Every structure is written in C-alpha cells, then in structure tokens.
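Trainee:
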Amino acid sequence: MIHLSRKRNTNAPSIRVSPELTITPVTAVGDEQPALRWLGVWIDRKLSFKRHVAERSTKALKVARHIKGLAGVRFGPPAASLRKAVVTCVQSSLLYGSEVWYGGRRKPSASHGYNRNRLVSTRLGPLIEKTNKVMVLAARGVLPAWRTAPTASVLRDAGLPSGSTALEHARIRFALRLRTLDAAHPLVRRLETPILPWQRATKLRCADTLIPYAPRPVLAQPHFSPGCRTDPTEGSTKEAAAEQFNTWWSQLSDNTITVFSDGSEQYKDGAKLVGYGYAIYRGQSLVRTGSGAINSISHVFDAEAIGALKGLQCALEILRPLDEHIWMCIDSTSVIWCMRANASNTSQWAFLECHALIDQFKVGIRWSPGHMGIEGNETADELADAGANEGRMDDDRSAEPTISGIGTTARALADAATSDWWSRCLTGLSASYRKWGLGYSIAEPPELRLPRTLLHRLLAARTAHGDFAQYHRRFGHTDAELNCLCGYAKTPEHLVFCEISQRKFHAWPAKPERPPSRPKEGRRYMSAILAHPKLFEDFLTVTQYFAINARAQQTRDLTSPGGPQQSYGLPRQNRHSLTAV
Numbered sequence: 001m002i003h004l005s006r007k008r009n010t011n012a013p014s015i016r017v018s019p020e021l022t023i024t025p026v027t028a029v030g031d032e033q034p035a036l037r038w039l040g041v042w043i044d045r046k047l048s049f050k051r052h053v054a055e056r057s058t059k060a061l062k063v064a065r066h067i068k069g070l071a072g073v074r075f076g077p078p079a080a081s082l083r084k085a086v087v088t089c090v091q092s093s094l095l096y097g098s099e100v101w102y103g104g105r106r107k108p109s110a111s112h113g114y115n116r117n118r119l120v121s122t123r124l125g126p127l128i129e130k131t132n133k134v135m136v137l138a139a140r141g142v143l144p145a146w147r148t149a150p151t152a153s154v155l156r157d158a159g160l161p162s163g164s165t166a167l168e169h170a171r172i173r174f175a176l177r178l179r180t181l182d183a184a185h186p187l188v189r190r191l192e193t194p195i196l197p198w199q200r201a202t203k204l205r206c207a208d209t210l211i212p213y214a215p216r217p218v219l220a221q222p223h224f225s226p227g228c229r230t231d232p233t234e235g236s237t238k239e240a241a242a243e244q245f246n247t248w249w250s251q252l253s254d255n256t257i258t259v260f261s262d263g264s265e266q267y268k269d270g271a272k273l274v275g276y277g278y279a280i281y282r283g284q285s286l287v288r289t290g291s292g293a294i295n296s297i298s299h300v301f302d303a304e305a306i307g308a309l310k311g312l313q314c315a316l317e318i319l320r321p322l323d324e325h326i327w328m329c330i331d332s333t334s335v336i337w338c339m340r341a342n343a344s345n346t347s348q349w350a351f352l353e354c355h356a357l358i359d360q361f362k363v364g365i366r367w368s369p370g371h372m373g374i375e376g377n378e379t380a381d382e383l384a385d386a387g388a389n390e391g392r393m394d395d396d397r398s399a400e401p402t403i404s405g406i407g408t409t410a411r412a413l414a415d416a417a418t419s420d421w422w423s424r425c426l427t428g429l430s431a432s433y434r435k436w437g438l439g440y441s442i443a444e445p446p447e448l449r450l451p452r453t454l455l456h457r458l459l460a461a462r463t464a465h466g467d468f469a470q471y472h473r474r475f476g477h478t479d480a481e482l483n484c485l486c487g488y489a490k491t492p493e494h495l496v497f498c499e500i501s502q503r504k505f506h507a508w509p510a511k512p513e514r515p516p517s518r519p520k521e522g523r524r525y526m527s528a529i530l531a532h533p534k535l536f537e538d539f540l541t542v543t544q545y546f547a548i549n550a551r552a553q554q555t556r557d558l559t560s561p562g563g564p565q566q567s568y569g570l571p572r573q574n575r576h577s578l579t580a581v
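Read left to right, the sequence shown gives residues 1 to 581 (full-length UniProt numbering).
(1) Please state the DSSP three-state secondary structure of L204.
(2) Alpha carbon to alpha carbon, how far is K59 from H169?
(3) Among the candidates I529, I2 and L4, whose CA atom is the shortest distance from the CA of R457?
(4) Please give the ranges of any alpha helix (DSSP H) in the UniProt domain "RNase H type-1" (253-389), keeping only runs that are unbroken, at least 4 residues long and fully inside the region.
(5) From E378 to W337, what does the alpha carbon distance come to, in whole angstroms?
(6) Under the assumption that I211 contacts R179 (Cβ atoms under 8 Å), give the Cβ distance between them as a whole number of angstroms.
(7) With 16 other CB atoms within 10 Å as the buried threshold, where does G263 fall?
(8) In terms of residue numbering, what span does the beta strand (DSSP E) encompassing D44 cover?
(9) State yes or no: is the C-beta of A380 within less than 9 Å of the C-beta of A279?
(10) With DSSP as the reference, label S18 as helix, strand or coil.
(11) Are the region 541-550 and the region 497-512 touching by the rule of at least three beta carbon pairs closer than 8 Å?
(12) Going by beta-carbon coordinates alone, are I257 and R282 separated by less than 9 Å?
(13) Note the first and the last residue of the continuous beta strand (DSSP E) segment covering W38.
(14) Using three-state DSSP, classify K504 as helix, strand or coil.
(15) According to the Cβ coordinates, are L82 and V142 closer than 9 Å?
(16) Between R56 and S5, is the Cβ-Cβ spacing less than 9 Å?
(17) Report yes or no: do three or more beta-carbon pairs, one from the region 328-348 and one from the region 357-375, lie closer than 8 Å?
(18) If the criterion is Cβ atoms closer than 9 Å, does the pair H465 and W146 meet it?
(19) Kindly indicate which residue of F475, S347, P451 and Y433 has the alpha-carbon position closest to the one of P492.
(20) Within the same chain, show all residues whose beta-carbon is closer than 7 Å to that of R575, passing over the 5 residues directly before and after it, in chain order.
(21) Figure out for me which residue from I15, I2, S14 and V73 has the closest Cα to the Cα of I43.
(22) Roughly how many angstroms separate the alpha carbons of L429 and F497, rounded to a whole number?
(23) What span of residues does the alpha helix (DSSP H) with R392 cover, start to end?
(24) Can you tell me whether R123 is buried or exposed? The criterion is at least 16 other CB atoms within 10 Å of its CB, across all chains shown.
(25) For P164, which residues in the same chain have their Cβ closer than 6 Å to its Cβ, ignoring the five residues on either side in sequence?
(26) From the DSSP secondary-structure annotation, give me the bridge partner or partners of N132.
(27) On the CB-based measure, 16 or more other CB atoms within 10 Å of its CB, does W38 come out buried or exposed?
(28) Identify which residue in A85, V218 and L252 has its Cα closest to the Cα of E324.
(29) Are the region 304-315 and the region 406-413 in contact at 8 Å, needing three or more beta carbon pairs?
(30) I need the boundaries of the alpha helix (DSSP H) containing V63, first residue and last residue.
(31) Whole angstroms is fine: what's the gap from Y525's alpha carbon to P516's?
(32) Rank S501, F245 and K50 by C-alpha distance to the C-alpha of M372 and give the top, closest one.
(33) Going by DSSP, name the residue or residues bridged to L119.
(34) Please check the pair P401 and S298, which I expect to be a contact at CB under 8 Å, by giving their CB distance rounded to whole angstroms.
(35) Considering only the alpha carbon of each residue, which of V73, E353, R106 and T209 lies closest to A460?
(36) Hey, is the region 201-208 in contact with the region 237-244, meaning 3+ C-beta pairs nearer than 8 Å?
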C-alpha cells in the first residue's frame, strides 16, 4: 500500500481494516525512494517514477557492462551479434514501462487563464539522461572503437538509438497500439470518455493524438474457404500463369461473370493519391466498370481490397437467374490470401463483407497476373489510375484512413525523431567526420559484419580517433609512432596515398582510372570503399597496409634497445592530407 500525494511531507499512516488486519505503507532501505511495485512498474508517492527509472537503468546497466566486457578492439564476438544482444536484452529492459512515465518533452499546462493548454516542460531531463547513459555504454560495447570516440558517432555507427530517441520511438509505438486496440479495451474506454473543461490531457490522450484515427479491427471468427491453404500462384511463373488464365477466360460462357479489380498508389505534385478500379465481364463482353479514390492515408493493398469489394457488389446488382458463377480475378496474391482465409487488420471491414458475399453466392477467386496483357486486368489498372487522379470518394468507410496507412505515419514520425536528433548532434561532430556525409538510421549497419579488427580500422578512418599522428599529438602520446613506414605522417586517408598501397593498385577493388594523387581523388575513393564494407575489406587484404606497418613496428621494437623511436626514417611532409584542404 502507498499513499499518493504531491505534498512534501512524508506522512504515511497505516490503514486499520479490522482489529486483526492493519495495512502498513511500503518502506525503503537507506536513501531509496519508497515505491510500490505493480506489474513491473515502481509507483512512488508523487508519481515521479524516479525509482522505476533507477531500477530499470540499474538492471540494463549490468547487462550493458557485461556485453562491454565480452569484446575489445581485437577480440570478441562479431559486432552484429553484440548489437542484437543490446536490442534484445538492454534496450527492452531499459524501456519497460516507459509508456507510463514518458509522455514527451512537453505537456499541456495545468494552469488556468491565458496559459490554458500551453505546452510546458515535463522536467524529465534527468530520467532521460539515465537511459541515454545506458544506451551509450551498450553501444560502446558493440563497437571496437576507442573510448575517446564521440558519443553521437558511436550510436550512429552501432545503429542504436540514443536514450531520448528510444523513448520517443516507444511512445510512437504505444500510440499506434492505442489506435489498433479492440473497442472493448479498458484504455479505449478511457480515451472515449469526454474530457472536462478544467482537465488537461493525460499522457494517454497526448499519445493518442500522435496518430490519425482509423477503424479499429474487430474480433472475428476464423474464415475458411476452398483454397484457403493453397498458394494462389500454384508455383507458376507470371508468364505461364497469364497464358493459362487467357486460355481459361476465353472459354467462359455468357452465363459466367468475371470481376477484375486493381488498385493504384501514386504521387502527383507531392500529394499522395490512392484509388481503385474494377471491370465486370459477362463472358468476354464488358458490361460494367467503376472507379474511385480512397483516403490518402492508406496503401495500394487497401485499394485492392476495397476495389474487389466494390466490384463484387456491382456484379451482384446485375446478377441474373441464369448466371452460373462469379469469378473474382485479382492480381495481388496478398489480397487473395485474405479473401480466402482470415482478414487482415487493415481494411478488415472490406474483407469481412467479401467473406459474407463469397459464402452466400457462388463466388470463386482466381489469380490474374498483373501487367501481362490480360484484357480485364489492364482495363481495371487504367480505371484505378483514373480513380486515384479524380479523387472522388464514396461516403463510406473507404474515405477513412487504414491501419496500414497510420502505420506508415508512425514510421514517418519515428524517422523524423531520429533525423532531428542526428541533425542536432551532427553540428557538434568534427569536420573530419562530417565530410563523409553519413546518414543515420536505427538498423544494423552492414559494416558490423566485418571482423572486429577491420571494423576498428574503418571506424577509425571515419572518426579520426585511431593510430594517427594528429590524434597522438592531441592527447600527448609521446611514445606513439607518428609516421608510416614510408615516412609520411599517419592520417586517416594516407592508406590510399601510401606507396605500400599504390604498389598493389592493379588489384584494388573498384579502382579508379589512376592512383589517387590529389586530396579530392583520395576523398572520392575513400568514400567509396568506406560506404561498402566488402570493398574496404578487399582493399586491406590486397594492400596489406596495416599488416606491413605492424610487422615493421614489431621488428623495430625488437631491434631497438632504446625502446620506441619516433620514426623509421626522416619525417616527410604529407602532401596528400585531406585535413589541409
């Protein structure tokens, strides 16, 4: 039991239920904040959730430290495997229950008057910073990068989000989940309760406003029909299936109706247009056509489903007693699967109405490969394009957004949050890192598949935090070797100008017309091989640049009684340094 109060005093009286039963409030040991644990969420007296974030951060931090101890620069599991461990174990544990306490950086003001509904700070900065520290430590455990590497570059190169970005993504996922809950869910009832004039929006309502409305899916009975477990293509290629379809269709009698439907998704002047079209044939004669548009917050899959329903409804209107059969000819195998079996959540209402009509009438479903010269399919495709361009929508549920459409909106919001964070951090990175023009996405970068030693070389070339002359001078490493075996200073781009590498120019992967001799040429080739990790690996394998320098370093250390010296020969001015441009 815990008392919820915003007062500063810590008065927490016990509750006496009966002479035999007295409920005492929860207590804490030492400096811990008293909190009640319920469903894995620690609820404190003021609902600040500081105890909850501290508990989750501590648990995730232990795992992050363990992962960091598993690998170094030269040893350890592949970086891609460690990244999966971070996503599975660290990030999921850290973000557990974040929907309860994280409602964004801003919230509606609780004051009245002209400040009503004004956005104010949620004061969650310290809690967000705790989550960020855990994610940064986990990212450093993934990469074979030196500890001085910038935080933003470490997160970017590991393909992991920062703490603030991860929390924002979790909030967007929660908002999408709210939009797809069943109508009888307790959270839906709370959202549908009218808000009073003196009340402010809660975290739940604020999250709900992030995503547009879409019809909620309903709990429907499983649907089974003939062919529901059969591949619509039956293992045939589009060419063979189109030939078989044309042969079958040319033999149909005038008592058979075929309904061809198609969808269209296109962009015009920056606006998204989605529409459907259908063509109805009796035998081989065209008897009815139709087209229309649906809400732009949708996809071609939804247009295919709605177009199939509209075409079937129109075919039933012209159905005659002598008609023997109705065939729905659809070019989308995904739509056919949902027509024959269970409906998808997106455009579920269209599939459920089709199920009822298919079961009631003699309706068959057949795959008609698209863009293969099938007459009915080509006609429906043209009608779908025309319907999307006209923009005429029916006054029914086809004018509402779909679940697949709001899913795209959620992904766009998540991408925007990621891009905003990266644009803010990019200005704080060095010019040597910004010159590569790298983007940022929360996905596994392909270079994480490289061996850790090669991955370290790639990351060092990007960040300039490695065995380079300028780096050693910056941090005062007096015992470091500043020059390459050829006599020039070590720089991130020197490996393409060094005579050790240029001796093997004939075997360079994706080599230019001539060996790089100018900074611009070297930058262009370095960007090419750094963007494709396999090319970078092949380049180092062919040139043996680092291996030759390492062997020379070992030989020098063994033969020199005085210890490490500054250079193998006289220092030479590096004419090819990109940093001098």
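We treat Cβ as the ideally placed atom computed from N, Cα and C, and that holds for glycine.
Given the structure is predicted, the values throughout are model-derived calculations rather than measurements.
Mentor: Looking at the coordinates:
(1) Indexing the sequence shown from 1 puts residue 204 at position 204. DSSP places L204 in helix when its eight states are reduced to three.
(2) As a first step, residue 59 must be located in the sequence shown, where it is residue number 59. As a first step, residue 169 must be located in the sequence shown, where it is residue number 169. Cα to Cα, K59 sits roughly 21 Å from H169.
(3) Working through the sequence shown from its first residue, we reach residue 457 at position 457. With distances taken between Cα atoms, R457 lies closest to I529.
(4) 300-317, 333-340 and 348-360
(5) Counting from 1 along the sequence shown, the entry for residue 378 is found at position 378. Counting from 1 along the sequence shown, the entry for residue 337 is found at position 337. Roughly 22 Å separates the two Cα atoms.
(6) Translated into positions along the sequence shown, residue 211 becomes position 211. Translated into positions along the sequence shown, residue 179 becomes position 179. About 5 Å separates the two Cβ atoms, so the contact holds.
(7) Position 263 of the sequence shown holds residue 263. G263 comes out buried.
(8) The residue given as residue 44 occupies position 44 in the sequence shown. D44 -> beta strand (DSSP E) spans V41 to D44.
(9) Residue mapping note: residue 380 aligns to position 380 of the sequence shown, counting from 1. Residue mapping note: residue 279 aligns to position 279 of the sequence shown, counting from 1. Yes, they are a contact pair.
(10) Taking the first residue of the sequence shown as position 1, residue 18 is located at position 18. In this structure, S18 counts as strand in the three-state DSSP scheme.
(11) yes
(12) By 1-based counting over the sequence shown, the position of residue 257 is 257. By 1-based counting over the sequence shown, the position of residue 282 is 282. Against a cut-off of 9 Å, the Cβ pair of R282 and I257 comes out as a contact.
(13) Here residue 38 corresponds to residue number 38 of the sequence shown, with the count starting at 1. Start and end: A35 to W38.
(14) Taking the sequence shown and counting its residues from 1, the one referred to as residue 504 is at position 504. Coil, per DSSP.
(15) By one-based count along the sequence shown, residue 82 stands at place 82. By one-based count along the sequence shown, residue 142 stands at place 142. Their beta carbons are under 9 Å apart, which means L82 touches V142 by this criterion.
(16) Here the question's residue 56 lines up with position 56 in the sequence shown. Here the question's residue 5 lines up with position 5 in the sequence shown. Contact: no.
(17) yes
(18) The residue you call residue 465 lines up with position 465 of the sequence shown. The residue you call residue 146 lines up with position 146 of the sequence shown. Yes, the Cβ-Cβ distance between H465 and W146 is below 9 Å.
(19) Counting from one through the sequence shown, the residue named residue 492 turns up at place 492. Ranking the options by Cα distance to P492, first place goes to Y433.
(20) Sequence index remark: in the sequence shown, residue 575 carries index 575 (1-based). Low confidence applies to R575: its pLDDT is 48, below 50, so where it sits in the model is not reliable enough to give any reading.
(21) As a position in the sequence shown, residue 43 is number 43, starting the count at 1. If we check each option's Cα against that of I43, I2 comes out closest.
(22) One-based indexing of the sequence shown puts residue 429 at position 429. One-based indexing of the sequence shown puts residue 497 at position 497. So the alpha carbons of these two residues sit roughly 25 Å apart.
(23) By one-based count along the sequence shown, residue 392 stands at place 392. Element bounds for R392: n/a, residue is neither H nor E.
(24) Here residue 123 refers to the residue found at position 123 of the sequence shown. With fewer than 16 Cβ atoms within 10 Å of its Cβ, R123 is classed as exposed.
(25) Walking along the sequence shown from the start, residue 164 turns up at place 164. The question names Pro, yet the displayed sequence has Ser at residue 164. Around S164: I128.
(26) For the purposes of this step, residue 132 is taken as residue 132 along the sequence shown, with counting starting at 1. For N132, which the question treats as bridged, DSSP gives no partner whatsoever.
(27) Translated into positions along the sequence shown, residue 38 becomes position 38. So W38 ends up on the exposed side.
(28) Start at 1 with the first residue of the sequence shown, and residue 324 comes out as number 324. Here the closest residue by C-alpha is L252.
(29) no
(30) As a working mapping, residue 63 is identified with position 63 in the sequence shown. Element bounds for V63: K50 to L70.
(31) Translated into the one-based positions of the sequence shown, residue 525 becomes position 525. Translated into the one-based positions of the sequence shown, residue 516 becomes position 516. Their backbone Cα atoms lie some 8 Å apart in a straight line.
(32) Counting from one through the sequence shown, the residue named residue 372 turns up at place 372. Ranking S501, F245 and K50 by Cα distance to M372 puts F245 first.
(33) Residue numbering aside, residue 119 sits at position 119 when the sequence shown is read from its first letter. Beta-bridge pairing links L119 to P108.
(34) As a position in the sequence shown, residue 401 is number 401, starting the count at 1. As a position in the sequence shown, residue 298 is number 298, starting the count at 1. The Cβ separation is near 6 Å, so the contact holds.
(35) Locating residue 460 in the sequence shown gives position 460, where the first residue counts as 1. Here the closest residue by C-alpha is V73.
(36) no
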